[in-house]
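Below: the structure, in structure tokens.
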Amino acid sequence: MIKLNRGDFDCVMLLDTEGLLSKERNDPEYDRRLIVFCLAMSHLVIINVLKDIDASLTKMLIVCADSLQKLGVSNAHRPLVHIILNQQSNPDKELKVFNTIIGELVKVNLQEQIPLNKENFHTLPSAFKEDRLPEDQTGATIWHSDPNFIEKAQGLCKRLVDAAAQTLQHVQEQFIDPVRWIKYAETVLDVLREYPDMTYFNDIKEQRDYDLISDQIWVKLKETFTTDLRTKLFGQVIGKSVKDTERDFEEEFSKLEGPKASVACGFQEQIPGETLLDWLEVELKHAKASDDLRQRLKAFLKIQIGSRLRAWREAAIMNNRRRQLEGIVSQGKEQFQKAIQTTIEAVRKRDFSHLKKLIPHVDERDLGDIQNTIQNSYRLTTNQAGFIFDEMFKETESSVSNAFYFDEQLQSCLELVYRNYNIFEKNDLPDFTVL
Numbered sequence: 001m002i003k004l005n006r007g008d009f010d011c012v013m014l015l016d017t018e019g020l021l022s023k024e025r026n027d028p029e030y031d032r033r034l035i036v037f038c039l040a041m042s043h044l045v046i047i048n049v050l051k052d053i054d055a056s057l058t059k060m061l062i063v064c065a066d067s068l069q070k071l072g073v074s075n076a077h078r079p080l081v082h083i084i085l086n087q088q089s090n091p092d093k094e095l096k097v098f099n100t101i102i103g104e105l106v107k108v109n110l111q112e113q114i115p116l117n118k119e120n121f122h123t124l125p126s127a128f129k130e131d132r133l134p135e136d137q138t139g140a141t142i143w144h145s146d147p148n149f150i151e152k153a154q155g156l157c158k159r160l161v162d163a164a165a166q167t168l169q170h171v172q173e174q175f176i177d178p179v180r181w182i183k184y185a186e187t188v189l190d191v192l193r194e195y196p197d198m199t200y201f202n203d204i205k206e207q208r209d210y211d212l213i214s215d216q217i218w219v220k221l222k223e224t225f226t227t228d229l230r231t232k233l234f235g236q237v238i239g240k241s242v243k244d245t246e247r248d249f250e251e252e253f254s255k256l257e258g259p260k261a262s263v264a265c266g267f268q269e270q271i272p273g274e275t276l277l278d279w280l281e282v283e284l285k286h287a288k289a290s291d292d293l294r295q296r297l298k299a300f301l302k303i304q305i306g307s308r309l310r311a312w313r314e315a316a317i318m319n320n321r322r323r324q325l326e327g328i329v330s331q332g333k334e335q336f337q338k339a340i341q342t343t344i345e346a347v348r349k350r351d352f353s354h355l356k357k358l359i360p361h362v363d364e365r366d367l368g369d370i371q372n373t374i375q376n377s378y379r380l381t382t383n384q385a386g387f388i389f390d391e392m393f394k395e396t397e398s399s400v401s402n403a404f405y406f407d408e409q410l411q412s413c414l415e416l417v418y419r420n421y422n423i424f425e426k427n428d429l430p431d432f433t434v435l
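In the UniProt record's numbering, the protein residues as written are 1 to 435.
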């Protein structure tokens, strides 16, 4: 943090990204992530390079501009970007570098992501000047600060600070308040960590090939994993155990995925024997994809297939459990309805022995009152009918509860939740270690 004697703001926070594109670190993905973060979070970005911008830095800027567009922060904020060619005394270089970078950005329609104009490009001469000592025969020289450099550096510093002050008038609150800036920066870092594709690729073509083919993968998955196929697989595992259900789904999905060619049931517009990996291989050849891109897209396809496998498998297991519970409830309902009808018939026929079997846990005094009522009137009183109904309901409820196997159902539910632990809100679940 640098304190400034200005009325419009108190201090400036400088983030020094020392070591970008360094041979020592040799981590271009780290470099891209850092550049995207700076473009997303800064009022002013200064790119200070020695003498000239090479093709690798230009390519990296374009990839980062595309990532910035995907990140979405440019909708609210676009930083000022100034490029300084250090130890460069030829001012014509400014125009050459400007035309090169703008031309590359326009080619891929990203010129709006990093607003640049000719005034954003600068050259600075060498900071020191070498002079030979006068009347010295030894060839000794002296290095001293170049006044031209000092003058230009001071003028450039003023221009940069004024530009930063001007942009403050147009930014939102989260880019001014330090606490909100830190929270916003944390959000941006989380997004970059969660979506590494934003800074993974080496150039814009590779990134856009990935976007194009991944979109094609989504379409192919939708055509392959249809509602009809899901219904068919669910029907095949009805009544099977969890273990058998898991095995059947894994076998079917393995046929669809590959790598060995097999007849894949459920494909639409897909030749017999072609698997999803076979199809992807053809698309990668057409796109002339690099080895890194091939590996990443194959991993993407396998992850998507795996997620569908887990979702369908768990849904099928839950469907079987639901059918099992519905069967228990339906059986109890039929049992209860049958008991009511049998009671009515027993009362009409004065068949007290049959009625007694329907309510075996009633004491003898209540049974005697019911028997006397039936013998005298062929009908039950309202209280007696309600009493018998409650007793039969208790018998049926007990029968249904015994068939439910509460501990077994609880264990099954816990297994379901913790097999899919990652998709639930952790605050709503106990830690798995306590179970």
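A virtual CB, placed ideally from N, CA and C, is assigned to each residue, including glycine.
Using the three-state DSSP reduction, which class does residue i fall into: helix, strand or coil?
i           : result
residue 99  : helix
residue 225 : coil
residue 133 : coil
residue 110 : coil
residue 42  : coil
residue 362 : coil
residue 10  : coil
residue 122 : strand
residue 354 : helix
residue 415 : helix
residue 145 : strand
Give the straight-line distance between the Cα atoms of residue i and residue j, rounded to the nearest whole angstrom.
i           : j           : result
residue 41  : residue 111 : 19 Å
residue 316 : residue 251 : 15 Å
residue 227 : residue 209 : 29 Å
residue 130 : residue 115 : 38 Å
residue 381 : residue 340 : 15 Å
residue 47  : residue 123 : 12 Å
residue 355 : residue 330 : 23 Å
residue 109 : residue 279 : 31 Å
residue 328 : residue 239 : 14 Å
residue 165 : residue 177 : 14 Å
residue 133 : residue 141 : 6 Å
residue 394 : residue 335 : 12 Å
residue 63  : residue 217 : 23 Å
residue 120 : residue 53  : 14 Å
residue 97  : residue 84  : 10 Å
residue 237 : residue 33  : 47 Å
residue 364 : residue 407 : 36 Å
residue 397 : residue 211 : 57 Å
residue 268 : residue 303 : Any reading at residue 268 needs caution, since the residue's pLDDT is 37, under 50, leaving its predicted position unreliable; the model's value is listed next. The alpha-carbon atoms of residue 268 and residue 303 are separated by roughly 21 Å.
residue 353 : residue 333 : 24 Å
residue 373 : residue 337 : 23 Å
Closest to residue i by CA distance: which of the options is it?
i           : options              : result
residue 36  : 191, 212 and 402     : 191
residue 413 : 304, 366, 319 and 63 : 319
residue 169 : 242, 324 and 79      : 79
residue 234 : 160, 322 and 300     : 322
residue 351 : 332, 371 and 366     : 371
residue 29  : 207, 326 and 245     : 207
residue 409 : 95, 398 and 325      : 325
Is it right to say residue i is buried, meaning 16 or more other beta carbons lie within 10 angstroms of its own, or is it exposed?
i           : result
residue 184 : buried
residue 299 : exposed
residue 11  : exposed
residue 392 : buried
residue 38  : buried
residue 179 : exposed
residue 313 : buried
residue 411 : exposed
residue 194 : exposed
residue 44  : buried
Three Cβ pairs or more, each shorter than 8 Å: is that satisfied between the segment 52-71 and the segment 93-104? yes
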